[in-house]
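Inspection log for the structure reproduced underneath, given as structure tokens.
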Amino acid sequence: MTALSRRTLLAASAATAAAGVLPVLGSAPAGAAAPVSGKQGPGYYRFKIGDYEVTAVNDGTWYRALDDKFVRNAPLPEVQKALTDVFLPTDKLPIPFTALIVNTGSKLIALDTGTGGQLASMAPQSGTFAANLAAAGIDPKTVDTIVISHFHPDHINGIKTKDNALFFPNAEINVPAPEWTFWMDDANMGKAPEAAKPTFMNARRIFADIAKDVKRFEPGKEVAPGIMSVAAAGHTPGHTAFTVNSGNRSMFYIADTTNNPYLFVRNPDWQAIFDMDGGMAAENRKRVLDRAAADKTLLHGYHFPFPSSGYVTRTAKGYDLVPVMWAPM
Ligand SMILES: [Zn+2]
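So the sequence shown is residues 1 to 329, counted in the working numbering.
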């Protein structure tokens, strides 16, 4: 109490209280307006799964205009109501991107790689993966293995930098064999709808010059120490999920088995515009959510709200997400 005597302060407090204004004790008078930041803090979050340390690394958010085609088999007002129920906007749906880095103690494994900053024209608030990885203290040169869930650009583009260099220069790249077979097939590209052709072209841009070094695995196999692949097709023909297992604990990385949980976990029969085979995607979604609810497994969804993990419980018409609120370290 230097500049103001206690008596002066109390008098001032009484005056401001009388005027209905709460005094802010102990704060210096503001000298100038602070510039707004417009940025979030570092987006990474850690979990301990047995002896493994898992780091969720955020790659920003895509704000996608919500139209009546986003959910193929539900009326737009029902979709809007599902969003207002959880205080989300109804004009633009926030779709965050969050990949995982698993440290087994001897290996660093990336489960998906983010957008590589290459979707900025569509999603200007994406492309934060590299900065968040650095904030988490992880050097991409130390990553041993990349494991890919499917070939959509928000999952594979981070294999490369904007200049076509390998972002993880020392990592072995593992992809689901059925995903490779589908997207690298020229006949499939030839008969695909126009809107899907850029995805085929993008897969070639990422993989063509490194094809001989890309390992292809059959879903169901162990792809890295303690990491099992689980077939979960429908979103794409070879879409694959992964369990991370250490000691008696596990975590289930379900990738894009469900997009926004307040739409598709609560209404597992709803089909997102991104699901190539909507019926198969819904069947696999229900199988995965059913298993997770029964086993009380920690789930990580690539497009869930950061840190993108939680548990699911059964409800009358589907499931509900209980976002992770605390992770033992
Ligand atoms: Zn995705």
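Note that beta-carbon positions come from the ideal geometry of N, C-alpha and C, so glycine has one too. As the structure is a prediction and not an experimental result, all values here were calculated from the model.
Worksheet item: Are the segment 89-104 and the segment 284-294 touching, with three or more C-beta to C-beta distances below 8 Å?
Response: Look at the beta carbons and you see the segment 89-104 not touching the segment 284-294: under three pairs across the two are nearer than 8 Å.
Item to complete: Using the DSSP secondary-structure output, state which residues sit across from T343 in a beta bridge.
Response: Since the first residue of the chain shown is 1 and the last is 329, residue 343 is not available in this structure.
Item to complete: Go through its chain and collect everything with a Cβ distance to D51's Cβ below 8 Å, but skip five positions before and after it.
Response: As a working note, residue 51 is residue 51 in the sequence shown. Once the five neighbours on either side are set aside, the close Cβ partners of D51 are T104, G105, S246, G247.
Practice prompt. Could you name the residues of the same chain whose beta carbon sits closer than 6 Å to that of L273, not counting the 5 residues immediately before and after it, in chain order?
Written response: Numbered from 1 along the sequence shown, position 273 holds the residue referred to as residue 273. The sequence given here places Ile at residue 273; Leu does not occur at that position. If we look at I273 and ignore the five residues flanking it on each side, its Cβ neighbours are K69, F70.
Worksheet item: Roughly how far, in whole angstroms, is the beta-carbon of P176 from the beta-carbon of T115, given that I think they are within contact range, below 8 Å?
Response: Along the sequence shown, one-based indexing puts residue 176 at 176. Along the sequence shown, one-based indexing puts residue 115 at 115. Actually they do not touch by this definition, with Cβ atoms about 19 Å apart.
Worksheet item: Pairing CB atoms from the segment 136-148 with CB atoms from the segment 70-84, are three or more of them under 8 Å?
Response: They do not touch, by the three-pair rule.
Discussion item. When you measure from the CB of D256 to every non-hydrogen atom of ligand 1, does any distance come out below 7 Å?
Written reply: As a first step, residue 256 is located in the sequence shown; it is residue number 256 there, counting from the start. Yes, ligand 1 has a heavy atom inside 7 Å of this Cβ.
Worksheet item: In angstroms, rounded to a whole number, what distance separates the CA positions of L108 and H300?
Response: Mapped onto the sequence shown, residue 108 falls at position 108. Mapped onto the sequence shown, residue 300 falls at position 300. The straight-line gap from Cα to Cα measures roughly 18 Å.
Worksheet item: Between I227, P178, L83, which lies nearest to L100 when the distance is taken from Cα to Cα?
Response: What you label residue 100 is simply residue 100 of the sequence shown in a count that begins at 1. Of the candidates I227, P178, L83, the one whose C-alpha sits nearest the C-alpha of L100 is I227.
Worksheet item: Within the chosen definition, does the segment 55-62 reach the segment 302-322 through at least 3 CB pairs nearer than 8 Å?
Response: yes
Worksheet entry | C-beta atoms of I95 and N202 nearer than 8 Å | Reading the sequence shown from its first residue, position 95 is the one you call residue 95. Reading the sequence shown from its first residue, position 202 is the one you call residue 202. No. Outside cutoff.
Worksheet item: Are the beta-carbon atoms of L133 and Y253 separated by less than 8 Å?
Response: Looking up residue 133 in the sequence shown gives position 133. Looking up residue 253 in the sequence shown gives position 253. Going by C-beta atoms, L133 is not nearer than 8 Å to Y253.
Worksheet entry | L299: first and last residue of the uninterrupted beta strand (DSSP E) it sits in | The residue given as residue 299 occupies position 299 in the sequence shown. Counted as a single uninterrupted DSSP element, the beta strand (DSSP E) harbouring L299 occupies residues 298-301.
Fill in: Reduced DSSP secondary structure (H/G/I, E/B, other) of F330
This structure gives no information on residue 330, because the portion of the chain shown stretches from 1 to 329.
Worksheet item: Beta carbon of G50: closer than 7 Å to some heavy atom of ligand 2?
Response: Of the ligands one can find in the structure shown, namely ligand 1, none is ligand 2.
Worksheet entry | Sub-8 Å separation of K215 and I156 beta-carbons | As a first step, residue 215 is located in the sequence shown; it is residue number 215 there, counting from the start. As a first step, residue 156 is located in the sequence shown; it is residue number 156 there, counting from the start. Not closer than 8 Å, so no.
Discussion item. Any heavy atom of ligand 1 inside 7 Å of the beta-carbon of H152?
Written reply: What you label residue 152 is simply residue 152 of the sequence shown in a count that begins at 1. Yes; taking the cut-off as 7 Å, the Cβ of H152 has a heavy atom of ligand 1 nearer than that.
Item to complete: Confirm, please, whether the CB-CB distance from P237 to M276 is below 8 Å.
Response: Translated into the one-based positions of the sequence shown, residue 276 becomes position 276. Translated into the one-based positions of the sequence shown, residue 237 becomes position 237. Yes; because the gap between Cβ atoms is below 8 Å, this pair is in contact.
Practice prompt. Using DSSP bridges, identify the partner residues of D222.
Written response: For the purposes of this step, residue 222 is taken as residue 222 along the sequence shown, with counting starting at 1. One detail in the question is off: residue 222 reads as Glu in this sequence, not Asp. Answer is M228, bridged to E222.
Worksheet item: Can we count H155 as close to ligand 1, meaning its CB is less than 7 Å from some heavy atom?
Response: Locating residue 155 in the sequence shown gives position 155, where the first residue counts as 1. Within the cutoff, so yes.
Worksheet item: Fully enclosed by the segment 147-183, which alpha helix (DSSP H) runs are 4 residues long or longer?
Response: 153-156, 177-183
Worksheet item: From what residue to what residue does the alpha helix (DSSP H) around G190 run?
Response: Sequence index remark: in the sequence shown, residue 190 carries index 190 (1-based). Looking at the DSSP string, the run of the alpha helix (DSSP H) that includes G190 is 186-191.
Worksheet item: Do you know whose CA, among M329, K317, L298, T315, lies nearest P323's CA?
Response: Residue numbering aside, residue 323 sits at position 323 when the sequence shown is read from its first letter. The option with the nearest alpha carbon to P323 is L298.
Fill in: Unbroken beta strand (DSSP E) run spanning T199, endpoints
Within the sequence shown, residue 199 is the residue found at index 199, counting from 1. Not the beta strand (DSSP E): T199 falls in the alpha helix (DSSP H), residues 197-207.
Practice prompt. Starting from W62, follow its DSSP beta bridges and name the residues at the other end.
Written response: The sequence position of residue 62 within the sequence shown is 62, counting from 1. Answer is I95, bridged to W62.
Worksheet item: Going by beta carbon distance, what residues of the same chain come within less than 6 Å of H235, once the five residues before and after it are set aside?
Response: Along the sequence shown, read from residue 1 onward, the residue named residue 235 stands at position 235. For H235, where only same-chain residues beyond five positions count, the Cβ hits under 6 Å are D256, D275, A281.
Worksheet entry | Exposed unless 16 or more other CB atoms sit within 10 angstroms - verdict on W180 | Within the sequence shown, the letter at position 180 stands for residue 180. Result: buried.
Fill in: Among D269, K296, A294, nearest to R285 - alpha-carbon criterion
Position 285 of the sequence shown, counting from 1, holds the residue named residue 285. Residue D269 is the option with its Cα nearest to R285.
Worksheet item: With distances taken between CB atoms, is the gap from V102 to V54 smaller than 8 Å?
Response: Along the sequence shown, read from residue 1 onward, the residue named residue 102 stands at position 102. Along the sequence shown, read from residue 1 onward, the residue named residue 54 stands at position 54. Against a cut-off of 8 Å, the Cβ pair of V54 and V102 comes out as a contact.
Discussion item. Which residues does DSSP list as the beta-bridge partners of A272?
Written reply: Residue 272 sits at position 272 when you count from the first residue of the sequence shown. V71, per the DSSP bridge assignment.
Discussion item. For M1, count the other beta carbons within 10 Å of its own beta carbon; 16 or more makes it buried, fewer makes it exposed. Which is it?
Written reply: One-based indexing of the sequence shown puts residue 1 at position 1. Low local confidence applies: a pLDDT of 43 at M1 is under 50, so the model's placement there is unreliable, with the coordinate-based value given in what follows. M1 should be labelled exposed.
Discussion item. For T142 and D67, I'd like the C-alpha separation in whole angstroms.
Written reply: Reading the sequence shown from its first residue, position 142 is the one you call residue 142. Reading the sequence shown from its first residue, position 67 is the one you call residue 67. Going from the Cα of T142 to the Cα of D67 covers about 42 Å.
Fill in: CA nearest to the CA of F167, picked from A130, S126, S121
Sequence index remark: in the sequence shown, residue 167 carries index 167 (1-based). Among A130, S126, S121, the Cα nearest to that of F167 is on A130.
Worksheet item: With which residues is V288 paired in a DSSP beta bridge?
Response: By one-based count along the sequence shown, residue 288 stands at place 288. Answer is none; V288 lacks a bridge partner.
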